[in-house]
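Read the structure below first, then the notes.
In our numbering, the protein residues as written are 62 to 253.
Rendered as C-alpha coordinates:
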(Lines of atoms letter the chains of each structure in order from A and count residues from 1; the text may use other names and numbers.)
(Lines give C-alpha, C1' and ligand atoms only; values in the text may rest on other atoms or scores of the structure.)
Protein backbone atom coordinates (compact mmCIF):
# COMPACT_ATOMS: atom_id res chain seq x y z
CA UNK A 1 0.00 0.00 0.00
CA UNK A 2 1.49 3.39 -0.99
CA UNK A 3 2.79 5.46 1.92
CA UNK A 4 1.70 2.68 4.32
CA UNK A 5 -1.94 3.67 3.85
CA UNK A 6 -1.28 7.31 4.72
CA UNK A 7 -3.35 9.49 2.42
CA UNK A 8 -2.43 12.90 3.85
CA UNK A 9 1.24 13.84 3.58
CA UNK A 10 2.08 16.79 5.85
CA UNK A 11 4.40 19.25 4.16
CA UNK A 12 6.82 21.41 6.15
CA UNK A 13 7.81 24.85 4.87
CA UNK A 14 9.66 25.80 8.07
CA UNK A 15 11.58 24.19 10.91
CA UNK A 16 8.58 24.75 13.19
CA UNK A 17 6.35 22.79 10.79
CA UNK A 18 9.04 20.12 10.44
CA UNK A 19 9.22 19.68 14.22
CA UNK A 20 5.42 19.38 14.43
CA UNK A 21 5.45 16.86 11.59
CA UNK A 22 8.02 14.54 13.15
CA UNK A 23 6.29 14.72 16.53
CA UNK A 24 2.97 13.71 14.97
CA UNK A 25 1.59 10.27 14.07
CA UNK A 26 2.33 10.47 10.35
CA UNK A 27 5.11 8.23 9.04
CA UNK A 28 5.61 10.10 5.75
CA UNK A 29 6.12 13.82 5.40
CA UNK A 30 7.38 16.31 2.85
CA UNK A 31 10.16 18.83 3.42
CA UNK A 32 9.63 21.77 1.09
CA UNK A 33 11.95 24.61 2.04
CA UNK A 34 15.33 23.96 3.58
CA UNK A 35 18.96 24.77 2.95
CA UNK A 36 21.91 22.53 2.34
CA UNK A 37 23.43 23.04 5.80
CA UNK A 38 20.24 21.70 7.46
CA UNK A 39 19.73 18.62 5.32
CA UNK A 40 21.79 16.07 7.18
CA UNK A 41 20.52 16.99 10.65
CA UNK A 42 16.89 17.26 9.49
CA UNK A 43 16.92 13.83 7.86
CA UNK A 44 18.80 12.23 10.77
CA UNK A 45 16.25 13.58 13.25
CA UNK A 46 13.42 12.24 11.09
CA UNK A 47 15.08 8.81 10.93
CA UNK A 48 15.54 8.73 14.71
CA UNK A 49 11.77 9.11 14.97
CA UNK A 50 11.05 6.48 12.28
CA UNK A 51 9.79 9.10 9.82
CA UNK A 52 10.21 8.86 6.06
CA UNK A 53 10.91 12.15 4.33
CA UNK A 54 10.05 13.09 0.78
CA UNK A 55 12.43 15.93 -0.03
CA UNK A 56 11.60 18.60 -2.57
CA UNK A 57 14.95 18.82 -4.35
CA UNK A 58 14.05 22.01 -6.23
CA UNK A 59 13.62 23.92 -2.97
CA UNK A 60 16.94 23.11 -1.27
CA UNK A 61 18.68 26.47 -1.00
CA UNK A 62 22.38 26.42 -1.77
CA UNK A 63 22.14 23.35 -3.99
CA UNK A 64 21.86 23.58 -7.75
CA UNK A 65 18.90 21.62 -9.04
CA UNK A 66 20.55 19.18 -11.46
CA UNK A 67 21.51 15.52 -11.71
CA UNK A 68 24.70 16.05 -9.66
CA UNK A 69 22.71 17.56 -6.82
CA UNK A 70 20.27 14.65 -7.09
CA UNK A 71 23.15 12.21 -6.90
CA UNK A 72 24.43 13.94 -3.76
CA UNK A 73 20.97 13.86 -2.19
CA UNK A 74 20.50 10.18 -3.04
CA UNK A 75 23.92 9.03 -1.87
CA UNK A 76 24.55 11.24 1.18
CA UNK A 77 21.17 12.47 2.43
CA UNK A 78 19.10 9.42 1.42
CA UNK A 79 15.51 10.65 1.77
CA UNK A 80 12.64 8.21 1.20
CA UNK A 81 11.84 10.16 -1.96
CA UNK A 82 12.78 13.13 -4.10
CA UNK A 83 10.25 15.54 -5.53
CA UNK A 84 11.23 17.64 -8.54
CA UNK A 85 10.00 19.31 -11.69
CA UNK A 86 13.26 18.36 -13.42
CA UNK A 87 13.58 15.22 -15.52
CA UNK A 88 17.28 14.76 -14.70
CA UNK A 89 16.54 14.73 -10.96
CA UNK A 90 13.72 12.20 -11.39
CA UNK A 91 15.89 9.94 -13.55
CA UNK A 92 18.78 10.07 -11.05
CA UNK A 93 16.46 9.26 -8.13
CA UNK A 94 15.09 6.25 -10.01
CA UNK A 95 18.61 5.12 -10.91
CA UNK A 96 19.64 5.29 -7.22
CA UNK A 97 16.55 3.46 -5.95
CA UNK A 98 14.94 6.51 -4.33
CA UNK A 99 11.20 7.09 -4.82
CA UNK A 100 10.89 9.60 -7.67
CA UNK A 101 8.01 12.09 -7.61
CA UNK A 102 7.62 14.29 -10.68
CA UNK A 103 5.90 17.56 -9.80
CA UNK A 104 3.80 19.05 -12.59
CA UNK A 105 2.00 22.39 -12.66
CA UNK A 106 -1.23 22.27 -14.62
CA UNK A 107 -1.64 25.85 -15.69
CA UNK A 108 -3.48 25.24 -18.95
CA UNK A 109 -4.01 22.64 -21.70
CA UNK A 110 -0.60 23.33 -23.21
CA UNK A 111 1.13 22.70 -19.85
CA UNK A 112 -0.88 19.51 -19.43
CA UNK A 113 0.16 18.19 -22.84
CA UNK A 114 3.82 19.07 -22.21
CA UNK A 115 3.57 17.29 -18.86
CA UNK A 116 2.34 14.13 -20.59
CA UNK A 117 5.40 14.18 -22.85
CA UNK A 118 7.72 14.69 -19.88
CA UNK A 119 6.05 11.93 -17.86
CA UNK A 120 6.31 9.46 -20.73
CA UNK A 121 10.09 10.02 -20.69
CA UNK A 122 10.74 10.06 -16.95
CA UNK A 123 8.20 7.43 -15.82
CA UNK A 124 8.32 8.58 -12.17
CA UNK A 125 7.03 6.46 -9.31
CA UNK A 126 4.44 9.16 -8.53
CA UNK A 127 3.18 12.36 -10.11
CA UNK A 128 2.44 15.32 -7.88
CA UNK A 129 -0.29 17.32 -9.62
CA UNK A 130 -0.61 21.01 -8.74
CA UNK A 131 -3.05 22.48 -8.14
CA UNK A 132 -4.71 19.49 -6.54
CA UNK A 133 -8.19 20.98 -6.54
CA UNK A 134 -9.13 19.87 -10.06
CA UNK A 135 -10.61 16.39 -9.58
CA UNK A 136 -11.44 15.72 -13.24
CA UNK A 137 -7.84 16.49 -14.26
CA UNK A 138 -6.49 14.24 -11.48
CA UNK A 139 -8.64 11.43 -12.89
CA UNK A 140 -7.50 12.17 -16.46
CA UNK A 141 -3.78 12.21 -15.55
CA UNK A 142 -4.17 8.99 -13.55
CA UNK A 143 -5.93 7.18 -16.39
CA UNK A 144 -3.72 8.53 -19.16
CA UNK A 145 -0.38 7.83 -17.43
CA UNK A 146 -1.14 4.84 -15.22
CA UNK A 147 1.17 6.43 -12.61
CA UNK A 148 -0.10 7.03 -9.05
CA UNK A 149 -1.06 10.63 -8.35
CA UNK A 150 -0.37 12.86 -5.37
CA UNK A 151 -2.53 15.99 -5.30
CA UNK A 152 -1.04 19.17 -3.88
CA UNK A 153 -1.52 22.89 -3.85
CA UNK A 154 -4.54 24.99 -2.94
CA UNK A 155 -6.25 22.17 -1.04
CA UNK A 156 -7.86 23.92 1.90
CA UNK A 157 -10.70 21.76 3.19
CA UNK A 158 -11.49 18.14 4.04
CA UNK A 159 -13.99 18.16 1.18
CA UNK A 160 -11.22 19.05 -1.28
CA UNK A 161 -9.03 16.28 0.14
CA UNK A 162 -11.87 13.79 -0.31
CA UNK A 163 -12.59 14.97 -3.86
CA UNK A 164 -8.92 14.52 -4.83
CA UNK A 165 -8.84 11.02 -3.33
CA UNK A 166 -12.13 10.03 -4.99
CA UNK A 167 -10.75 11.29 -8.32
CA UNK A 168 -7.89 8.81 -8.04
CA UNK A 169 -5.17 10.53 -6.02
CA UNK A 170 -3.20 8.13 -3.84
CA UNK A 171 -2.42 10.89 -1.35
CA UNK A 172 -2.67 14.63 -0.79
CA UNK A 173 0.21 16.88 0.28
CA UNK A 174 -0.64 19.83 2.48
CA UNK A 175 1.08 22.35 4.71
CA UNK A 176 -2.30 23.46 6.05
CA UNK A 177 -2.07 22.88 9.82
CA UNK A 178 -5.85 22.60 10.18
CA UNK A 179 -6.04 19.81 7.59
CA UNK A 180 -3.08 18.01 9.13
CA UNK A 181 -4.79 18.12 12.54
CA UNK A 182 -8.15 17.14 11.05
CA UNK A 183 -6.74 13.95 9.51
CA UNK A 184 -4.43 13.21 12.46
CA UNK A 185 -7.21 11.44 14.39
CA UNK A 186 -8.30 9.24 11.48
CA UNK A 187 -4.65 8.45 10.68
CA UNK A 188 -3.98 7.44 14.29
CA UNK A 189 -7.07 5.20 14.31
CA UNK A 190 -6.00 3.62 11.00
CA UNK A 191 -2.54 2.72 12.35
CA UNK A 192 -3.91 0.98 15.46
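Where is the CB? At the ideal position from N, CA and C, for every residue including glycine.
Note that the structure is a prediction, hence the values are computed from the model and not measured.
Beta-bridge partners of residue 212 (DSSP): 190 and 233. For residue 170, the enclosing alpha helix (DSSP H) begins and ends at 170–183.
Scanning 219, 136, 160 and 166 for the CA closest to the CA of residue 184 turns up 160. Less than 8 Å divides the Cβ of residue 235 from the Cβ of residue 216. Apart from sequence neighbours up to five positions away, the residues of its chain that approach residue 237 with a beta-carbon distance below 8 Å are 216 and 217, ordered along the chain.
Pairing residue 241 with residue 71, the inter-Cα distance amounts to about 6 Å. A distance below 7 Å between beta-carbons, with the five flanking residues on each side excluded, links residue 224 to the following residues of its chain, in chain order: 196. Here residue 164 has 144, 145, 146, 189 and 191 as same chain residues with Cβ atoms under 7 Å from its own Cβ, once five neighbours each way along the sequence are excluded. Contact between residue 124 and residue 97 holds: their C-beta atoms lie close to 5 Å from each other, under 8 Å. Listed as beta-bridge partners of residue 96 by DSSP are 122.
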